[in-house]
Structures are given as C-alpha cells and as structure tokens.
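Down below is the structure, laid out as structure tokens.
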Amino acid sequence: MNDYDRAAERVDKKIKFYNELKAYVVVNAVLAIINFFVSPFFWWVLFPVFFWGIGILVDFFKAFIFVDNYSEEYRKRKITEEMEKMKL
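For the sequence shown, UniProt numbering puts the final residue at 88, and the numbers step up evenly by one.
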C-alpha cells in the first residue's frame, strides 16, 4: 500500500466519523425533543445516546487515535517526530 492509499484510507475514516457524529447529534436531538413532549418524567433518550455514543467513540479512536495500527510506517514516522523534537 503506497502513501496515497494510506492517506486516502485515513481521510475516509475521518469523514465517516464526522458524518456519523452529525447523524448522532441530529437524531438524538430530535429524540430528546420527542422524549420531552411525550414522557418528560422518564428520559429514555439516554439509552440511545449512551449506546450509540459507544459506537461513535469507537469510530473516533479508529480515525484519530489508532491510526495505523502501529505499522512499520507509523513507527518510522514517530521516530522522525521524536528526532525533530530532540533538535529543539
């Protein structure tokens, strides 16, 4: 896999995360409004907020934290970054 393909894969993961985050916010906001008017004493909306939020959190980690699954390229890049920091 060349650099372009890896970069494209990372960008695709980030775009997927942002799209899912937008859907999460919009859908849960609508559900919260419905919940407020239908049954204001039982906040059932917290269940989808929590469980769907776990999925959003996983996608966040995939897109921004565990980027390259610690591949050799990741290791080399981090070594270069550390060397740049040592120069300062």
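Even for Gly, the Cβ is constructed at its ideal location relative to N, Cα and C. None of these values were measured; they are calculated from a predicted model.
Using 8 Å for Cβ pairs, my map puts TYR24 next to ILE54. What's the rounded Cβ distance?
Actually they are not in contact, since the Cβ atoms of TYR24 and ILE54 sit about 11 Å apart, beyond 8 Å.
If you drop the 5 nearest sequence neighbours on each side, which residues of the same chain put their C-beta closer than 6 Å to that of VAL49?
The answer, listed in chain order, is ASN28.
I want to know whether the stretch 58-69 touches the stretch 12-21 - three or more CB-CB distances under 8 Å.
The stretch 58-69, when compared against the stretch 12-21, does touch it at the 8 Å Cβ threshold.
Of all the options PHE37, ALA32 and ARG10, which has the alpha carbon lying nearest to the alpha carbon of PHE47?
The shortest Cα separation from PHE47 among PHE37, ALA32 and ARG10 belongs to ALA32.
Output needed for PRO40: all residues of its chain with C-beta closer than 7 Å, excluding positions within five of it in sequence on either side, in chain order.
Closer than 7 Å at Cβ, skipping near neighbours: no residue.
What are the boundary residues of the alpha helix (DSSP H) that LYS62 is part of?
That residue, LYS62, is in no alpha helix (DSSP H); it is neither H nor E in DSSP.
How big is the Cα-Cα spacing for MET86 and TYR74?
Roughly 18 Å separates the two Cα atoms.
Quick check on TYR48: does DSSP put it in helix, strand or coil?
It is Pro, not Tyr, that sits at residue 48 in the sequence shown. DSSP places PRO48 in helix when its eight states are reduced to three.
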